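Numbering (our numbering), first residue to last: 248 to 536.
Structure first, then comments.
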C-alpha cells in the first residue's frame, strides 16, 4: 500500500480552501464527488456549497475520522476510486486534491466517464498540469489531446507551498476542466478518438511515418497539403486543430483494415503504463485515496 504521507500533500488553511471552492461554479443544485478527502477540510467547504457531496476515501483511519464528523449532506465511501462505478441520473462535478503520483490513472478514469462529469477541478503539480493542458501552456501532448475534444481546461489558482503539509518541493496549481456544449469529435465516439491518439503517439515519430499504416500515400499527401503539415516533423509539433482534422480524415477515409489496426490502442497504452509503473514500484499496491 502506498504511504499516504508520501503520496499526498494536505491543505490546512480553511481560508485558502474556501477561496478555491469559491472559484468553482459549484452551486446548491450540484452533486460533487471528492476523491481522497483526507481530513475533510475540502469536504467541509464543498458541503456548504453543493447539494450533496460524495467523498471516496481509501484509508480506513481517515474514513473513520470523516464519518465521525457527521456532515449533513455528505456520503462517505471507504473504497478505491479506480473501482468506483459512475452511474448517475444527473451529471456531477469533481473537486479533488489528488495524490500526485496517481494523476494519470485518475485523469484517465475521469475522461473515460466524461458523460457523467460536467466539470472537474484537480489540484496538480504545475509541471504536470502543463503537460495535461497542452497549448497555451506548452506543446500539445498525448494527455492534453485526450481531453480537448470534450473539455476546456485552464489553471485558475496558484498555491504557495506553505498552503500544504507536508510542504511540497514543487509548485502546485488548481486546474478546471469544463465540458464543452458540443464535442469536437463526430458522434461523441470517445474511444475511437482515444485509440487514434494513442496509436499515433506509440512510436512518437514523424507524421509521415506515424500515419503510414492508416492512410494511403495519396491520402497522406492530401492531408499534408490541406493542413500545411511538414510531414517530416515529429507529430508532437501538430496543433490541436490539425489533430481534429486528421482524425476526421481518418474517420471518413481510412480503410476498415486500418481502423482494425488502430482499435484497442488506448487500452494497450494504459496496460503498458501500468506495467511500467509496477516495474518501478514492484512492492506497492496502487490505491486511490
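C-beta atoms are modelled at their ideal positions from N, C-alpha and C, and glycine is treated no differently.
Just so it is clear, the structure is predicted and the values come from calculations on it, not from any experiment.
According to DSSP, is residue i helix, strand or coil?
i, result
"residue 302", "strand"
"residue 366", "strand"
"residue 390", "helix"
"residue 427", "coil"
"residue 270", "coil"
"residue 384", "coil"
"residue 432", "coil"
"residue 282", "strand"
"residue 399", "strand"
"residue 376", "helix"
"residue 241", "Summary: the structure shown does not reach residue 241, with the chain confined to residues 248 through 536, and so no result is reported for it."
"residue 252", "Interpretation of residue 252 is limited by its pLDDT of 40, a score under 50 that renders its predicted location unreliable; no figure is taken from the coordinates."
"residue 265", "helix"
"residue 297", "coil"
"residue 536", "Low per-residue confidence applies at residue 536: pLDDT is 42, beneath 50, and the placement is therefore not dependable, though the value from the model is reported in the following sentence. Residue 536: coil per DSSP, three-state reduction."
According to DSSP, residue i sits in a beta bridge with which residue or residues?
i, result
"residue 420", "371 and 405"
"residue 258", "411"
"residue 519", "Its beta-bridge partners do not exist; DSSP assigns none."
Taking a contact to mean a Cβ-Cβ separation below 9 Å, would you say residue i touches residue j in this structure?
i, j, result
"residue 364", "residue 341", "yes"
"residue 482", "residue 454", "yes"
"residue 511", "residue 442", "yes"
"residue 353", "residue 328", "yes"
"residue 273", "residue 279", "yes"
"residue 430", "residue 389", "no"
"residue 419", "residue 373", "yes"
"residue 339", "residue 291", "no"
"residue 351", "residue 489", "no"
"residue 448", "residue 508", "no"
"residue 398", "residue 368", "no"
"residue 343", "residue 320", "no"
"residue 498", "residue 485", "no"
"residue 380", "residue 401", "yes"
"residue 460", "residue 522", "no"
"residue 432", "residue 500", "no"
"residue 296", "residue 275", "yes"
"residue 411", "residue 375", "no"
"residue 313", "residue 287", "yes"
"residue 438", "residue 487", "no"
Any Cβ of chain C within less than 9 Å of the Cβ of residue i?
i, result
"residue 277", "The structure shown contains no chain C, having only a single protein chain."
*Report yes or no: do three or more beta-carbon pairs, one from the region 461-471 and one from the region 400-419, lie closer than 8 Å?*
no
*Decide if the region 323-336 is in contact with the region 252-269; the criterion is three or more beta carbon pairs, one per stretch, under 8 Å apart.*
no
*Any chance you could list the alpha helix (DSSP H) runs of at least 4 consecutive residues sitting entirely within the region 453-513, in chain order?*
454-457, 464-474, 487-500 and 503-509
*asked:* As an exercise, report each continuous alpha helix (DSSP H) stretch of at least 4 residues that is fully enclosed by the region 299-354, in chain order.
replied: 307-316
*Tell me, please, whether the region 375-385 touches the region 276-285 by the rule of three or more beta-carbon pairs shorter than 8 Å.*
no
*Quick check: the region 387-396 against the region 294-303, are there 3 or more CB pairs under 8 Å?*
no
*Is there contact here, the region 416-433 with the region 468-476, by at least three beta-carbon pairs under 8 Å?*
no
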